[in-house]
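Novice: Count the sequence shown with the working numbering and you get residues 2 to 131, in order.
Just so it is clear, CB atoms sit at the ideal spot from N, CA and C, and this is done for glycine as well.
Here it is, the structure in full.
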Amino acid sequence: SVQCQGCEEIWLYAILYIFHVSVFGLNMGIINGLGRQFLFGAVTFFFLWVVEMPSVYYFAIVRGGGLVAVWKCLSPPYIAVNIWAFVYTTCILDWRHVQKEIRLRENMDLDNNNDNDEQAKLVMDSDIYG
2 SVQCQGCEEI WLYAILYIFH VSVFGLNMGI INGLGRQFLF GAVTFFFLWV VEMPSVYYFA
62 IVRGGGLVAV WKCLSPPYIA VNIWAFVYTT CILDWRHVQK EIRLRENMDL DNNNDNDEQA
122 KLVMDSDIYG
């Protein structure tokens, strides 16, 4: 039937979209947990409203791609946001600065000499944070 054929055309794009939106949700939790909500919101706004919406309009309506074009346009902006979030959290973000911000906000010892924080001290003194 026509409906089954249409579903088969968009199935792969729908699966990819669901996967990328799920990763987006994880990244949103990480970035929000770091207190960088505004930055993540700005990046998300750019990719979803400035990139995705005009792309959907252009490819689905102007070029006549229909529903298949809509589904093809949904994942790339989420992929871009996910790549940005990965690069930001692994290459750009200064984890020592984040640690200091949290410790200051929570009125904790900046020297990290508290016996209860021994595990945190071991992690922050390791080479993985530079």
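(1) Under 6 Å Cβ to Cβ from residue 74, same chain only, skipping five residues before and after it: list those, please.
(2) Under the three-state reduction of DSSP, which class applies to residue 7: helix, strand or coil?
(3) Does the distance from the CB of residue 69 to the CB of residue 9 come in under 7 Å?
(4) Using the beta-carbon count (16 or more within 10 Å), is residue 98 buried or exposed?
(5) Are residue 76 and residue 13 closer than 7 Å when you measure CB to CB?
(6) Along the alpha helix (DSSP H) that carries residue 111, what are the first and last residues, could you check?
(7) Which of the three DSSP states, helix, strand or coil, is assigned to residue 2?
(8) Identify, in the order they occur along the chain, each residue of the same chain with its Cβ nearer than 6 Å to the Cβ of residue 49, setting aside the five sequence neighbours on each side.
(9) Mind checking residue 83: buried by the 16 CB within 10 Å criterion, or exposed?
(10) How would you label residue 91, buried or exposed, when you count the other beta carbons within 10 angstroms and need 16 or more for buried?
Specialist: Taking the coordinates as given:
(1) As a working note, residue 74 is residue 73 in the sequence shown. The answer, listed in chain order, is 56, 57 and 60.
(2) The residue labelled residue 7 in the question sits at position 6 within the sequence shown. Residue 7 falls in the helix class under three-state DSSP.
(3) Indexing the sequence shown from 1 puts residue 69 at position 68. Indexing the sequence shown from 1 puts residue 9 at position 8. Cβ distance not < 7 Å, so residue 69 and residue 9 don't count as in contact.
(4) Against the sequence shown, residue 98 aligns to sequence position 97. Residue 98 should be labelled exposed.
(5) The count along the sequence shown starts at 1 and reaches residue 76 at position 75. The count along the sequence shown starts at 1 and reaches residue 13 at position 12. No, they are not a contact pair.
(6) Locating residue 111 in the sequence shown gives position 110, counting from the first residue. Run containing residue 111: none; DSSP gives neither H nor E here.
(7) Position 1 of the sequence shown, counting from 1, holds the residue named residue 2. Residue state, collapsed to three classes: coil.
(8) As a working note, residue 49 is residue 48 in the sequence shown. Closer than 6 Å at the Cβ level, and outside the excluded window around residue 49, lie 78.
(9) Here the question's residue 83 lines up with position 82 in the sequence shown. Buried, by the Cβ-count rule.
(10) As a working mapping, residue 91 is identified with position 90 in the sequence shown. Residue 91 should be labelled exposed.
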